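Everything on this sheet refers to the single structure shown next.
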Amino acid sequence: MLFGHILDAAIGFTQAEGATIYMVDDETQVLRFIKIFNSKMNVSLNLDEITWPPISLYKEDKQPNLSNLAALCYHEKKSFNFPDVYEQDVFDYSGTVTYDKRNKYRTQSIVAIPMMDHKGNIIGIIQLINSLNAVGKVIPFSDIDIKNLEVLTSISAILMNNHKLISDLQTTFNQFIQSIAWAIDRKSKHFSGHIARVSTLVNMFAGEINAWHDESLKYSSINFSKDELEELNIAGLMHDLGKIITPMHILDKSSKLEAIFNRLELVKERMAHIRSLIGFDISKADKEGQEKLNCTLETLSEYEAFLEKINPGRENFTEKDREILRKIYEFRYSYQDKNYFILTENENYNLSIRSGTLNREDIVKIREHAYVTGKMLSQIKFPKYLARAPLYAESHHEKLNGKGYPRGLSAAQIPLQSRILALADVFEALTAVRPYKESKTLSETYTILKKMVDANEIDGDLLEFAIKSGLFMKYACSYLEPEQIDIE
Ligand SMILES: [Fe+2]
Ligand SMILES: [Fe+2]
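Every letter in the sequence shown is one number past the one before it in the working numbering, and letter 106, counting from 1, is 150.
Listed below in structure tokens is the structure:
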């Protein structure tokens, strides 16, 4: 839009027939066509419609390209004004002649004005052709035209610089968020790549909702704006930001006794020590004593096998297990007036975990990440169009039944974007293929997700949309193993 205004203004006071705006691409050292207009040829092209190759600022031998007027204007940092382009020998106009012949056109008067920013850098060029008088005859551009154009280009340069600064800031912000997301993804072997994939799935979700127009599916009438899509993208990338403070040994706790190291090894060493003490006693005991001690050794072997079985937390911990664990915890071996034990109180507590590997405190610590995400993001002043991204990110563990966290929001308080994020988060966690973790097939995942819908935890309409629109299948084809795709 900005370029359209610049071009309109330039044509307005010079009465030029045609105009071109070029922008300097510092990285590739070219001038890119941004806007092309010609009233006589009925041409009006914007950046995304222009197929012409950019103009190189330097030749192959690295010397400045002075044969093109716009490139010349860039290198000389000054305006050029030719009453008739065919009657000058400052630059090579053969390309213009070829173009004119092909289009039955005659380029005559031409000006090129550099857009210079406050640091003296050329950021773009405006080129105008064929100034017309009141009766439509081509005349040279006047000195007043040049003066006015120079004022316009300097104002334009400031505007474009602001435009570029904003765009650079957005790029920097996005890259910063992405690099933090990458670092958190790298933090845990259990969650590696989680944020990147959730973010991809969330973006796919929004794109599919925008593209889908089947009225039988709720949400298909929703159309996210460009800003809303960006807001959701940022929320996806930031949703697990709070994991930055979650201790790694909790994030990666793959067995009940795992702390900074796996304490099962420590327990086994204690048992080995007790066995060696029993060995000393056996060598000194009578036959009856030896039999008793051998029984204790057997019991110890059974205990060790039992601890190895329950430590990974793969099976539910039963009442029978609890009874065996109690015996192990209470086990004492007395040697030279000292009692030797197998388990500490904390080890016993962790081994008693009913399901999985996390104890109450671990769960609190893990859940804290959603609160921390919100807390961290609340300290950043987001631009207006991203203002709701922190809310979406923070509420990805909220449940429609109000039993979610960190705030326990009600269904009415959970926006669609958070619901999308919540569903994508669970779907990714269930299906992700990672070491030390069993990944679910699509049908297993759908069964679990439907149970969550029945429990009013996640949005059933969204789940139906993701399945019926083929969104989950599309994601699965790109990110899951073929054997996980067990439905058509
Ligand atoms: Fe999370
Ligand atoms: Fe997550």
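Virtual Cβ for every residue (Gly too), placed ideally from N, Cα, C. Remember, predicted model here, so these are calculated numbers, not experimental data.
Q. Would the stretch 436-452 and the stretch 390-402 be scored as touching if the rule is three or more Cβ pairs under 8 Å?
A. no
Q) Touch check for the stretch 323-335 and the stretch 290-298: three-plus C-beta pairs under 8 Å? A) no
Q.
Quick test of your reading: A53 and V246, contact by CB under 8 Å. State the CB separation rounded to the nearest angstrom.
A. At roughly 42 Å, the Cβ-Cβ gap does not stay under 8 Å, so A53 and V246 are not in contact.
Q) Relative to the alpha-carbon of A114, which residue among D505, F126, I157 and F81 has its alpha-carbon at the smallest distance? A) I157
Q. How about I173 and T197: do their beta carbons lie closer than 8 Å?
A. no
**Q.** Candidates P291, R358, L486 and H441: closest to E405 by CA position
**A.** P291
(Q) Out of L209, F235 and I239, which one is the CA nearest neighbour of S223? (A) I239
Q) Can the beta-carbon of Y415 be found less than 8 Å from the beta-carbon of P450? A) yes
Q. Just to check, is the beta-carbon of I468 closer than 7 Å to a non-hydrogen atom of ligand 1?
A. Looking at the sequence shown, residue 468 is not Ile but Ala. No, Cβ of A468 sits at least 7 Å from all heavy atoms of ligand 1.
**Q.** Burial state of C117 (16 or more Cβ within 10 Å)
**A.** buried
Q. Grouping DSSP H, G and I as helix and E and B as strand, with all else coil, what is I87?
A. In the sequence as displayed, the identity of residue 87 is Val instead of Ile. Here V87 sits in strand by DSSP.
Q. Looking at the structure shown, is N383 part of a helix, part of a strand, or coil, going by DSSP?
A. strand
(Q) For K270 and E309, what's the separation of their Cα atoms in angstroms? (A) 54 Å
Q.
As a quick exercise: from M159, S345 and C339, pick the residue whose alpha carbon is nearest that of E120.
A. M159
Q: Check whether the Cβ of D284 sits closer than 7 Å to any heavy atom of ligand 2, and report yes or no.
A: yes
Q.
If the criterion is Cβ atoms closer than 8 Å, does the pair L285 and M420 meet it?
A. yes
Q.
Quick check: does the Cβ of V242 come within less than 7 Å of any heavy atom belonging to ligand 2?
A. yes
Q) For ligand 2, is there a heavy atom less than 7 Å away from the beta-carbon of H440? A) yes
**Q.** Where M85 falls, given that 16 or more other Cβ within 10 Å makes a residue buried
**A.** exposed
(Q) Measuring alpha carbon to alpha carbon, tell me which residue in E442, S522 and L75 is nearest K475. (A) Here residue 475 turns out to be Thr, not Lys, going by the sequence shown. Selected option, being the one with the closest Cα: S522.
Q: Could you confirm whether any beta carbon from chain C is found closer than 8 Å to the beta carbon of G286?
A: No chain C is part of this structure, which consists of one protein chain only.
(Q) Given 7 Å as the limit, tell me if H162 has its C-beta closer than that to any heavy atom belonging to ligand 2. (A) no
Q. When the Cα atoms are used, what is the spatial distance from I55 to G62?
A. 8 Å
Q: Give the C-beta separation of I278 and I221 to the nearest angstrom, bearing in mind that I take them to be a contact with Cβ-Cβ under 8 Å.
A: 6 Å
Q: Alpha carbon to alpha carbon, how far is I372 from K331? Give it in angstroms, no decimals.
A: 26 Å
Q: Could you check what DSSP says for A114 in three-state terms: helix, strand or coil?
A: helix
**Q.** Neighbourhood of F509 by C-beta, 6 Å cutoff - its chain only, sequence neighbours within 5 removed
**A.** L261 and Y263
Q.
Are the CB atoms of I531 and S487 within a distance shorter than 8 Å?
A. yes
Q. Does the beta-carbon distance from I78 to L91 come in below 8 Å?
A. yes
Q. What are the start and end residues of each continuous alpha helix (DSSP H) run of 4 or more residues lying completely inside the stretch 125-213, in chain order?
A. 138-147
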